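Encoded as C-alpha coordinates, the structure appears first; notes follow it.
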Amino acid sequence: MPKIIGTHSGTFHCDEALACFMLRQLTEYSDAKIVRSRDPAVLETCDIVVDVGGVYDHEAKRYDHHQRGFDEQFSAEFKTKLSSAGLIYKHYGQDVIRAIAKEADLDSSAVDQLYKKLYESVIEGVDGIDNGVSQYPSDIEPAYKESTGLSARVGRLNPWWNQPEGDMDERFAQAMALTGSEFTERVRYYALSWLPGRKIVEQGYTGRFDIDKSGQIVLFDTFCPWKDHITTIEDEALEKNPEQAKIVYVLYPDTSGAWRVQAVPEKPGSFVSRHPLPESWRGIRDDALSERSGVEGCIFIHQSGFIGGNKTRDGALALARKALTMD
9 MPKIIGTHSG TFHCDEALAC FMLRQLTEYS DAKIVRSRDP AVLETCDIVV
59 DVGGVYDHEA KRYDHHQRGF DEQFSAEFKT KLSSAGLIYK HYGQDVIRAI
109 AKEADLDSSA VDQLYKKLYE SVIEGVDGID NGVSQYPSDI EPAYKESTGL
159 SARVGRLNPW WNQPEGDMDE RFAQAMALTG SEFTERVRYY ALSWLPGRKI
209 VEQGYTGRFD IDKSGQIVLF DTFCPWKDHI TTIEDEALEK NPEQAKIVYV
259 LYPDTSGAWR VQAVPEKPGS FVSRHPLPES WRGIRDDALS ERSGVEGCIF
309 IHQSGFIGGN KTRDGALALA RKALTMD
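Okay, so the sequence shown: first residue is 9 according to the working numbering, each after it adds one.
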(Lines of atoms letter the chains of each structure in order from A and count residues from 1; the text may use other names and numbers.)
(Lines give C-alpha, C1' and ligand atoms only; values in the text may rest on other atoms or scores of the structure.)
Protein backbone atom coordinates (compact mmCIF):
# COMPACT_ATOMS: atom_id res chain seq x y z
CA MET A 1 0.00 0.00 0.00
CA PRO A 2 1.46 3.41 -0.98
CA LYS A 3 2.73 5.61 1.82
CA ILE A 4 1.13 8.99 2.58
CA ILE A 5 3.17 12.20 2.88
CA GLY A 6 1.33 14.92 4.77
CA THR A 7 1.87 18.66 4.55
CA HIS A 8 -0.28 21.74 5.13
CA SER A 9 -3.06 23.01 2.90
CA GLY A 10 -3.46 26.58 1.68
CA THR A 11 -0.61 28.78 0.48
CA PHE A 12 2.52 26.72 -0.12
CA HIS A 13 6.20 27.56 0.04
CA CYS A 14 9.47 26.33 -1.38
CA ASP A 15 10.53 24.37 1.70
CA GLU A 16 7.67 21.86 1.89
CA ALA A 17 7.52 21.50 -1.90
CA LEU A 18 11.21 20.57 -1.95
CA ALA A 19 10.84 18.37 1.15
CA CYS A 20 8.08 16.37 -0.53
CA PHE A 21 10.08 16.06 -3.73
CA MET A 22 13.14 14.76 -1.86
CA LEU A 23 11.06 12.17 -0.01
CA ARG A 24 9.65 10.89 -3.29
CA GLN A 25 13.19 10.13 -4.51
CA LEU A 26 13.43 7.44 -1.85
CA THR A 27 12.21 3.92 -2.59
CA GLU A 28 10.00 3.95 0.50
CA TYR A 29 8.07 7.02 -0.70
CA SER A 30 8.51 6.85 -4.48
CA ASP A 31 4.79 6.30 -5.10
CA ALA A 32 3.57 8.11 -2.00
CA LYS A 33 0.38 10.14 -2.06
CA ILE A 34 0.66 13.81 -1.01
CA VAL A 35 -2.11 14.87 1.37
CA ARG A 36 -2.41 18.60 2.12
CA SER A 37 -4.37 19.39 5.29
CA ARG A 38 -4.18 21.17 8.64
CA ASP A 39 -6.64 18.78 10.28
CA PRO A 40 -4.79 16.85 13.02
CA ALA A 41 -7.00 13.82 12.44
CA VAL A 42 -6.05 13.72 8.76
CA LEU A 43 -2.34 14.25 9.49
CA GLU A 44 -2.47 11.42 12.02
CA THR A 45 -3.19 9.02 9.13
CA CYS A 46 -0.01 10.07 7.28
CA ASP A 47 3.17 8.00 7.38
CA ILE A 48 5.35 11.11 7.42
CA VAL A 49 4.43 14.79 7.90
CA VAL A 50 6.39 17.89 6.88
CA ASP A 51 5.96 21.60 7.67
CA VAL A 52 2.82 21.24 9.77
CA GLY A 53 1.69 19.75 13.07
CA GLY A 54 3.94 21.60 15.50
CA VAL A 55 6.21 18.60 16.14
CA TYR A 56 9.77 17.69 15.23
CA ASP A 57 10.34 14.02 16.04
CA HIS A 58 12.52 11.97 13.71
CA GLU A 59 11.44 8.66 15.22
CA ALA A 60 7.77 9.55 14.69
CA LYS A 61 8.56 10.97 11.21
CA ARG A 62 7.21 14.43 12.05
CA TYR A 63 9.16 17.36 10.64
CA ASP A 64 7.70 20.75 11.49
CA HIS A 65 9.81 23.81 12.34
CA HIS A 66 7.20 26.40 13.35
CA GLN A 67 6.77 25.42 17.00
CA ARG A 68 8.04 27.53 19.87
CA GLY A 69 11.51 26.52 21.01
CA PHE A 70 12.56 24.91 17.71
CA ASP A 71 16.15 25.84 16.92
CA GLU A 72 17.67 23.00 14.91
CA GLN A 73 20.63 23.54 12.58
CA PHE A 74 22.15 21.29 9.94
CA SER A 75 25.38 20.92 11.93
CA ALA A 76 27.60 22.85 14.31
CA GLU A 77 29.17 24.59 11.30
CA PHE A 78 25.91 26.34 10.37
CA LYS A 79 23.78 28.92 12.18
CA THR A 80 20.68 28.98 9.98
CA LYS A 81 17.56 27.43 11.51
CA LEU A 82 16.18 24.57 9.45
CA SER A 83 12.92 24.65 7.53
CA SER A 84 11.07 21.48 6.57
CA ALA A 85 13.39 21.17 3.55
CA GLY A 86 16.43 21.33 5.81
CA LEU A 87 14.95 18.80 8.23
CA ILE A 88 14.20 16.27 5.51
CA TYR A 89 17.62 16.88 3.94
CA LYS A 90 19.39 16.49 7.30
CA HIS A 91 17.85 13.08 7.90
CA TYR A 92 17.45 11.72 4.37
CA GLY A 93 19.73 13.85 2.19
CA GLN A 94 22.51 11.31 1.73
CA ASP A 95 20.06 8.70 0.45
CA VAL A 96 18.42 11.31 -1.79
CA ILE A 97 21.82 12.17 -3.29
CA ARG A 98 22.54 8.50 -3.97
CA ALA A 99 19.14 8.07 -5.61
CA ILE A 100 19.47 11.10 -7.91
CA ALA A 101 23.14 10.58 -8.80
CA LYS A 102 23.11 6.81 -9.40
CA GLU A 103 25.25 7.15 -12.51
CA ALA A 104 28.08 8.74 -10.51
CA ASP A 105 28.67 5.54 -8.50
CA LEU A 106 29.49 7.54 -5.37
CA ASP A 107 31.43 6.12 -2.46
CA SER A 108 30.70 7.17 1.13
CA SER A 109 33.40 9.87 1.12
CA ALA A 110 31.98 11.43 -2.05
CA VAL A 111 28.45 11.37 -0.61
CA ASP A 112 29.67 13.09 2.55
CA GLN A 113 31.31 15.86 0.49
CA LEU A 114 28.20 16.35 -1.63
CA TYR A 115 25.92 16.26 1.42
CA LYS A 116 27.63 19.29 2.94
CA LYS A 117 28.15 21.11 -0.37
CA LEU A 118 24.51 20.81 -1.42
CA TYR A 119 23.31 22.01 1.95
CA GLU A 120 25.40 25.18 1.87
CA SER A 121 24.78 25.89 -1.82
CA VAL A 122 21.08 24.95 -2.15
CA ILE A 123 19.19 23.95 0.98
CA GLU A 124 20.47 26.59 3.42
CA GLY A 125 19.10 29.38 1.25
CA VAL A 126 15.65 27.77 1.30
CA ASP A 127 15.90 27.40 5.09
CA GLY A 128 16.98 30.99 5.58
CA ILE A 129 14.26 32.51 3.41
CA ASP A 130 11.47 30.43 4.94
CA ASN A 131 12.59 31.29 8.48
CA GLY A 132 13.14 34.99 7.70
CA VAL A 133 16.88 34.87 8.29
CA SER A 134 18.61 37.79 6.57
CA GLN A 135 21.80 37.21 4.60
CA TYR A 136 23.32 40.43 5.94
CA PRO A 137 22.83 42.95 8.77
CA SER A 138 19.51 44.82 8.67
CA ASP A 139 21.18 48.24 8.62
CA ILE A 140 22.60 47.57 5.15
CA GLU A 141 20.37 48.86 2.35
CA PRO A 142 20.25 46.44 -0.63
CA ALA A 143 21.60 47.99 -3.83
CA TYR A 144 18.81 46.38 -5.88
CA LYS A 145 15.78 44.09 -5.59
CA GLU A 146 16.07 40.39 -6.42
CA SER A 147 12.97 38.28 -7.03
CA THR A 148 14.18 35.53 -9.37
CA GLY A 149 15.31 32.99 -6.77
CA LEU A 150 13.73 29.58 -6.33
CA SER A 151 11.68 30.49 -3.25
CA ALA A 152 10.23 33.55 -5.02
CA ARG A 153 9.33 31.55 -8.13
CA VAL A 154 7.60 28.89 -6.05
CA GLY A 155 5.66 31.61 -4.26
CA ARG A 156 4.38 32.92 -7.58
CA LEU A 157 2.78 29.55 -8.33
CA ASN A 158 0.18 30.37 -5.68
CA PRO A 159 -2.92 32.18 -7.00
CA TRP A 160 -2.91 35.98 -7.02
CA TRP A 161 -5.06 37.65 -4.39
CA ASN A 162 -7.70 38.42 -7.03
CA GLN A 163 -7.58 35.05 -8.79
CA PRO A 164 -9.83 32.06 -8.11
CA GLU A 165 -7.95 29.50 -6.03
CA GLY A 166 -8.55 26.66 -8.45
CA ASP A 167 -6.91 23.29 -7.86
CA MET A 168 -4.31 24.00 -5.14
CA ASP A 169 -3.09 20.39 -5.21
CA GLU A 170 -2.23 20.79 -8.89
CA ARG A 171 -0.45 24.07 -8.14
CA PHE A 172 1.51 22.32 -5.37
CA ALA A 173 2.46 19.56 -7.81
CA GLN A 174 3.89 22.27 -10.08
CA ALA A 175 5.88 23.63 -7.13
CA MET A 176 7.28 20.17 -6.41
CA ALA A 177 8.26 19.78 -10.06
CA LEU A 178 9.96 23.19 -10.10
CA THR A 179 11.95 22.67 -6.91
CA GLY A 180 12.72 19.09 -7.91
CA SER A 181 14.08 19.96 -11.34
CA GLU A 182 16.43 22.58 -9.91
CA PHE A 183 17.55 20.40 -7.02
CA THR A 184 18.14 17.45 -9.36
CA GLU A 185 20.22 19.62 -11.68
CA ARG A 186 22.34 20.80 -8.74
CA VAL A 187 22.87 17.27 -7.43
CA ARG A 188 23.93 16.05 -10.87
CA TYR A 189 26.23 19.03 -11.41
CA TYR A 190 28.00 18.58 -8.09
CA ALA A 191 28.23 14.80 -8.47
CA LEU A 192 29.26 14.66 -12.12
CA SER A 193 31.22 17.91 -12.61
CA TRP A 194 32.15 19.58 -9.32
CA LEU A 195 33.34 16.41 -7.60
CA PRO A 196 35.57 15.21 -10.49
CA GLY A 197 36.99 18.75 -10.57
CA ARG A 198 37.90 18.48 -6.90
CA LYS A 199 39.89 15.32 -7.64
CA ILE A 200 41.92 17.19 -10.28
CA VAL A 201 42.62 20.01 -7.82
CA GLU A 202 43.55 17.58 -5.06
CA GLN A 203 46.06 15.89 -7.37
CA GLY A 204 47.55 19.23 -8.38
CA TYR A 205 47.77 20.40 -4.79
CA THR A 206 49.40 17.16 -3.65
CA GLY A 207 51.99 17.40 -6.45
CA ARG A 208 52.74 21.11 -6.08
CA PHE A 209 56.30 20.60 -4.81
CA ASP A 210 57.05 18.62 -7.99
CA ILE A 211 56.20 21.77 -9.95
CA ASP A 212 58.16 24.26 -7.86
CA LYS A 213 60.11 23.89 -4.64
CA SER A 214 58.24 26.84 -3.11
CA GLY A 215 55.01 24.81 -3.03
CA GLN A 216 53.17 27.98 -4.10
CA ILE A 217 52.41 27.00 -7.69
CA VAL A 218 49.79 24.42 -8.64
CA LEU A 219 49.54 23.03 -12.16
CA PHE A 220 46.58 21.25 -13.74
CA ASP A 221 47.07 19.32 -16.99
CA THR A 222 43.30 19.67 -17.57
CA PHE A 223 41.31 22.80 -16.86
CA CYS A 224 38.49 22.65 -14.33
CA PRO A 225 36.77 25.28 -12.15
CA TRP A 226 39.32 25.39 -9.32
CA LYS A 227 38.82 28.44 -7.09
CA ASP A 228 36.25 26.90 -4.75
CA HIS A 229 38.24 23.68 -4.45
CA ILE A 230 41.67 25.22 -3.94
CA THR A 231 40.43 27.24 -0.97
CA THR A 232 38.74 24.26 0.68
CA ILE A 233 41.64 21.87 0.11
CA GLU A 234 44.18 24.44 1.26
CA ASP A 235 42.17 25.21 4.41
CA GLU A 236 42.04 21.50 5.22
CA ALA A 237 45.81 21.25 4.80
CA LEU A 238 46.46 24.39 6.86
CA GLU A 239 44.50 22.94 9.77
CA LYS A 240 47.09 20.15 9.91
CA ASN A 241 50.10 22.38 9.20
CA PRO A 242 49.47 26.14 9.69
CA GLU A 243 53.05 26.99 8.74
CA GLN A 244 52.92 25.80 5.14
CA ALA A 245 52.92 28.35 2.33
CA LYS A 246 49.68 29.27 0.61
CA ILE A 247 49.15 28.81 -3.11
CA VAL A 248 49.86 31.94 -5.13
CA TYR A 249 49.52 30.88 -8.79
CA VAL A 250 47.55 28.25 -10.68
CA LEU A 251 48.57 27.07 -14.15
CA TYR A 252 46.31 25.31 -16.66
CA PRO A 253 45.81 24.89 -20.43
CA ASP A 254 43.17 26.98 -22.18
CA THR A 255 40.88 25.93 -25.04
CA SER A 256 43.38 27.08 -27.69
CA GLY A 257 46.20 24.89 -26.35
CA ALA A 258 48.06 27.82 -24.81
CA TRP A 259 48.64 28.05 -21.05
CA ARG A 260 47.32 30.42 -18.42
CA VAL A 261 48.91 31.54 -15.16
CA GLN A 262 46.32 32.89 -12.77
CA ALA A 263 46.76 34.53 -9.38
CA VAL A 264 44.77 32.98 -6.53
CA PRO A 265 42.23 35.40 -5.02
CA GLU A 266 42.50 36.33 -1.35
CA LYS A 267 39.17 34.59 -0.75
CA PRO A 268 36.47 33.01 -2.97
CA GLY A 269 34.61 35.65 -4.96
CA SER A 270 37.22 38.35 -4.32
CA PHE A 271 38.78 40.37 -7.12
CA VAL A 272 41.87 40.98 -4.97
CA SER A 273 44.70 38.52 -5.62
CA ARG A 274 47.12 37.22 -3.01
CA HIS A 275 50.05 38.15 -5.24
CA PRO A 276 49.11 39.67 -8.62
CA LEU A 277 51.42 39.24 -11.55
CA PRO A 278 54.12 41.99 -11.59
CA GLU A 279 52.98 45.54 -12.23
CA SER A 280 55.73 46.04 -14.82
CA TRP A 281 54.24 43.26 -16.99
CA ARG A 282 50.61 44.33 -16.84
CA GLY A 283 48.86 45.43 -20.03
CA ILE A 284 51.73 44.28 -22.23
CA ARG A 285 51.43 41.60 -24.94
CA ASP A 286 53.31 39.23 -27.19
CA ASP A 287 56.95 40.00 -28.09
CA ALA A 288 57.06 43.14 -25.96
CA LEU A 289 56.03 41.10 -22.95
CA SER A 290 58.50 38.33 -23.75
CA GLU A 291 61.28 40.90 -23.95
CA ARG A 292 60.32 42.60 -20.70
CA SER A 293 59.78 39.39 -18.74
CA GLY A 294 62.66 37.45 -20.23
CA VAL A 295 60.31 34.54 -20.99
CA GLU A 296 59.73 33.37 -24.57
CA GLY A 297 56.24 32.77 -25.94
CA CYS A 298 54.32 35.32 -23.86
CA ILE A 299 50.80 36.23 -24.95
CA PHE A 300 49.47 38.76 -22.42
CA ILE A 301 49.21 39.92 -18.82
CA HIS A 302 45.89 41.44 -17.77
CA GLN A 303 45.85 45.09 -16.64
CA SER A 304 44.94 44.03 -13.10
CA GLY A 305 47.59 41.33 -12.96
CA PHE A 306 45.16 38.55 -12.06
CA ILE A 307 45.89 36.43 -15.16
CA GLY A 308 48.35 36.03 -17.99
CA GLY A 309 49.11 33.67 -20.85
CA ASN A 310 51.98 31.91 -22.55
CA LYS A 311 52.14 29.64 -25.58
CA THR A 312 53.66 26.75 -23.62
CA ARG A 313 53.47 25.00 -20.26
CA ASP A 314 57.13 25.72 -19.57
CA GLY A 315 56.66 29.37 -20.47
CA ALA A 316 53.71 29.77 -18.12
CA LEU A 317 55.68 28.06 -15.35
CA ALA A 318 58.65 30.37 -15.95
CA LEU A 319 56.36 33.41 -15.65
CA ALA A 320 54.92 32.12 -12.39
CA ARG A 321 58.33 31.36 -10.91
CA LYS A 322 59.67 34.83 -11.80
CA ALA A 323 56.50 36.51 -10.52
CA LEU A 324 56.93 34.89 -7.09
CA THR A 325 60.04 37.03 -6.57
CA MET A 326 58.58 40.30 -7.93
CA ASP A 327 55.95 42.87 -7.01
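Positions of the beta carbon are idealized from the N, C-alpha and C atoms, including for glycine. From a predicted model like this one, the values you see are computed outputs, not experimental measurements.
Presumed contact (8 angstroms Cβ cut-off) between residue i and residue j, rounded CB distance
{"i": "S92", "j": "V58", "result": "4 angstroms"}
{"i": "K69", "j": "E36", "result": "Not really, about 10 angstroms apart at Cβ, beyond 8 angstroms."}
{"i": "I309", "j": "L297", "result": "6 angstroms"}
{"i": "S159", "j": "V134", "result": "6 angstroms"}
{"i": "T15", "j": "I42", "result": "7 angstroms"}
{"i": "V269", "j": "I238", "result": "Not a contact, Cβ separation roughly 14 angstroms."}
Beta-carbon proximity list for residue i, same chain, < 7 angstroms, skipping 5 on both sides
{"i": "I241", "result": "V209, E210, Y213"}
{"i": "M334", "result": "P286"}
{"i": "A107", "result": "Q33, L34"}
{"i": "D236", "result": "P276"}
{"i": "A183", "result": "F20, A25, V162, L165"}
{"i": "D177", "result": "R44"}
DSSP-derived helix/strand/coil call for residue i
{"i": "L165", "result": "coil"}
{"i": "Y213", "result": "helix"}
{"i": "L114", "result": "coil"}
{"i": "S262", "result": "Going by the sequence as given, residue 262 is Asp instead of Ser. Note: D262 maps to coil in three-state DSSP."}
{"i": "D41", "result": "It is Lys, not Asp, that sits at residue 41 in the sequence shown. It is a strand residue."}
{"i": "Q171", "result": "coil"}
{"i": "S281", "result": "strand"}
{"i": "F308", "result": "strand"}
{"i": "T272", "result": "It is worth fixing the name first, because residue 272 is Val in this sequence and not Thr. Coil at V272, not helix or strand."}
{"i": "V50", "result": "helix"}
{"i": "W234", "result": "coil"}
{"i": "G136", "result": "helix"}
{"i": "A64", "result": "At residue 64 the sequence reads Tyr, which differs from the Ala that was named. The answer is strand: DSSP assigns Y64 an E or B state."}
{"i": "G313", "result": "coil"}
{"i": "G14", "result": "strand"}
{"i": "V119", "result": "helix"}
{"i": "Y257", "result": "strand"}
{"i": "V57", "result": "strand"}
{"i": "L227", "result": "strand"}
{"i": "Y71", "result": "strand"}
{"i": "R290", "result": "coil"}
Burial state of residue i (16 or more Cβ within 10 Å)
{"i": "F29", "result": "buried"}
{"i": "E336", "result": "Residue 336 cannot be examined here, being either before or after the span of the chain that is shown, 9 to 335."}
{"i": "D138", "result": "buried"}
{"i": "G101", "result": "buried"}
{"i": "W267", "result": "buried"}
{"i": "A118", "result": "buried"}
{"i": "I148", "result": "exposed"}
{"i": "S301", "result": "buried"}
{"i": "N249", "result": "exposed"}
{"i": "L246", "result": "exposed"}
{"i": "G136", "result": "buried"}
{"i": "A253", "result": "exposed"}
{"i": "V272", "result": "buried"}
{"i": "G140", "result": "exposed"}
C-alpha distance - residue i paired with residue j, whole-angstrom precision
{"i": "K221", "j": "A326", "result": "13 angstroms"}
{"i": "S83", "j": "L122", "result": "15 angstroms"}
{"i": "V104", "j": "Q33", "result": "6 angstroms"}
{"i": "S278", "j": "R46", "result": "47 angstroms"}
{"i": "C232", "j": "S264", "result": "15 angstroms"}
{"i": "Y127", "j": "V60", "result": "22 angstroms"}
{"i": "L186", "j": "L31", "result": "15 angstroms"}
{"i": "E85", "j": "N170", "result": "43 angstroms"}
{"i": "K207", "j": "F228", "result": "11 angstroms"}
{"i": "A181", "j": "P172", "result": "18 angstroms"}
{"i": "L200", "j": "W234", "result": "15 angstroms"}
{"i": "A324", "j": "G215", "result": "17 angstroms"}
{"i": "A49", "j": "D72", "result": "16 angstroms"}
{"i": "V195", "j": "E251", "result": "36 angstroms"}
{"i": "L95", "j": "L203", "result": "24 angstroms"}
Cβ neighbours of residue i in the same chain (closer than 6 angstroms, five flanking residues each side left out)
{"i": "G291", "result": "Q311"}
{"i": "F217", "result": "G223"}
{"i": "Y97", "result": "I131"}
{"i": "D39", "result": "P10"}
{"i": "P167", "result": "E173"}
{"i": "D55", "result": "K11, I12"}
{"i": "I219", "result": "I225, L227"}
8 angstroms Cβ shell around residue i - same chain, five flanking residues per side excluded
{"i": "H66", "result": "H99"}
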